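When we follow the numbering used here, the leftmost residue of the sequence shown carries the number 474, and every step to the right adds one.
Ideal Cβ positions, reconstructed from N, Cα and C, are used throughout, including at glycine.
Note that the coordinates shown come from a computational prediction; the quantities given were computed from them, not determined experimentally.
Below is one structure, written out as structure tokens; comments come after it.
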Amino acid sequence: MRRALVAANWKMHGNRVFVKELVSGIMPALSGGVNGVDIVICPPFPYLQMVDALISGGEVVLGAQDISTHECGAYTGEVSGSMLADFRVRYVIVGHSERRTIMAESDQVVVAKFEAAQRDSLVPVLCVGETLDERDQDMAEQVVSRQLAAIVDKCGVSVFNRAVVAYEPVWAIGTGRSASVQQAQDMHAAIRRLIALHDDEVAQSLQVIYGGSVSPENAPELFAQPDIDGGLIGGASLNADLFVRICKSVS
Ligand code: PGA
């Protein structure tokens with residue numbers, strides 16, 4: 474039986490006052506954990522330590538939004554996996570579509586970041602997903618398959634024993650237009666099938682979460698699907714009440 478996972482991706486939002494208010498709003502409801510759900514908060518780097526202090530002693534854990542491909546050295550502006558681990562970060566988002574497009578991260582860079590995460594015992598949350606154009610051209614599965622294959626070909630399928638996959642159709646991110654429950658379930662099943670081609674056991678235990686305009690309204694039905702194991706929450710994670718309701722809607 475797979476556990477569910479709900480992760481907050483704050484993106485580049487917040488300041489110290491906001492972060493304190495938000496986490497203080499979340500913790501009374503979530504610090505004791507929600508049955509069967511792993512809960513992760515991924516703040517921007519400067520707030521990791523602050524969030525760590527605010528969640529300490531509870532069940533909520535820390536994640537980061539990015540990681541350097543390098544271990545240490547002359548890489549101005551980069552943050553390594555060992556630095557993240559030093560701040561008790563447990564998960565790291567890799568391959569988010571905003572980084573693939575805005576920061577021009579290639580599949581190869583995403584693979585290197587995935588490997589960097591695992592090198593420092595962080596759990597990579599690998600984001601995959603198609604653009605609207607690609608969906609319209611019936612290429613959605615092909616794109617996701619290519620993004621997954623980049624990892625499997627380089628690292629082998631067993632790395633998915635300690636990873637999470639987030640299906641995030643690019644057209645649903647921050648648009649208020651979530652994928653339909655059926656579209657999401659179909660792609661999640663496809664992701665599991667693609668991994669099962671290499672190893673069925675790995676595929677069956679892999680947490681595959683959905684991201685893209687998740688809200689308290691659509692979360693219960695999305696999370697009730699057999700292959701949807703939770704969500705990666707952007708906009709709604711910046712509101713304590715909405716985020717708590719989403720976490721609690723895992724059935
Ligand atoms: P959204 O973002 O919930 O605001 O659509 C999701 C994400 O980008 O991870």
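Inter-residue spacing [alpha-carbon to alpha-carbon] between residue i and residue j
| i | j | result |
| --- | --- | --- |
| Asp-559 | Asp-609 | 44 Å |
| Glu-707 | Val-513 | According to the sequence as given, residue 707 is Gly; it is not Glu. For Gly-707 and Val-513, the distance between alpha carbons rounds to 12 Å. |
| Arg-718 | Pro-689 | 6 Å |
| Ile-481 | Gly-487 | According to the sequence provided, residue 481 is Ala. The question's Ile does not apply to it. Roughly 13 Å between the two C-alpha positions. |
| Pro-501 | Met-612 | 44 Å |
| Arg-665 | Gln-656 | 14 Å |
| Arg-572 | Arg-475 | 28 Å |
| Ser-722 | Thr-542 | 35 Å |
| Gln-698 | Gly-546 | 45 Å |
| Ala-676 | Arg-489 | 40 Å |
| Ile-528 | Ser-504 | 7 Å |
| Val-617 | Val-496 | 33 Å |
| Val-681 | Ser-631 | 15 Å |
| Ala-652 | Gly-498 | 29 Å |
| Ala-645 | Tyr-683 | 10 Å |
| Pro-519 | Leu-557 | 11 Å |
| Glu-641 | Gly-602 | 5 Å |
| Arg-785 | Cys-720 | Because the chain here runs from 474 to 724, residue 785 falls outside it and cannot be looked at. |
| Leu-521 | Val-565 | 12 Å |
For residue i, three-class secondary structure by DSSP
| i | result |
| --- | --- |
| Val-507 | strand |
| Gln-698 | coil |
| Ala-622 | helix |
| Ile-646 | coil |
| Tyr-640 | strand |
| Ala-652 | coil |
| Gly-435 | Absent from the model: residue 435. The displayed extent of the chain is 474 to 724, so no value can be given. |
| Asn-634 | helix |
| Thr-574 | helix |
| Met-612 | coil |
| Met-474 | coil |
| Glu-588 | helix |
| Tyr-520 | helix |
| Gly-777 | Outside the shown range of the chain (474 to 724) lies residue 777, about which nothing can therefore be said. |
| Ser-710 | helix |
| Asp-525 | helix |
| Glu-544 | coil |
| Ser-724 | coil |
Residues bridged to residue i [DSSP beta-bridge criterion]
| i | result |
| --- | --- |
| Leu-705 | Ala-480, Gly-684 |
| Pro-597 | Val-565 |
| Cys-515 | Asn-482 |
| Gly-536 | Tyr-564 |
9 Å Cβ cutoff met for residue i and residue j
| i | j | result |
| --- | --- | --- |
| Asp-511 | Val-492 | no |
| Ala-622 | Leu-667 | yes |
| Leu-478 | Gly-685 | no |
| Gly-461 | Ala-590 | Given a span of 474 to 724 for the chain in the structure shown, any question on residue 461 remains unanswerable. |
| Cys-515 | Gly-536 | yes |
| Ala-639 | Val-596 | no |
| Gln-538 | Lys-484 | yes |
| Asp-700 | His-671 | no |
| Val-654 | Leu-695 | yes |
| Asp-673 | Arg-619 | no |
| Glu-724 | Phe-716 | What sits at residue 724 in the sequence shown is Ser, not Glu. Cβ distance not < 9 Å, so Ser-724 and Phe-716 don't count as in contact. |
| Val-567 | Val-552 | no |
| Glu-532 | Val-562 | no |
| Ser-570 | Val-643 | yes |
| Ala-663 | Glu-588 | no |
Contact test: residue i Cβ vs the ligand HEM heavy atom, cutoff 8 Å
| i | result |
| --- | --- |
| His-486 | With respect to small molecules bound, the structure shown includes the ligand PGA and not the ligand HEM. |
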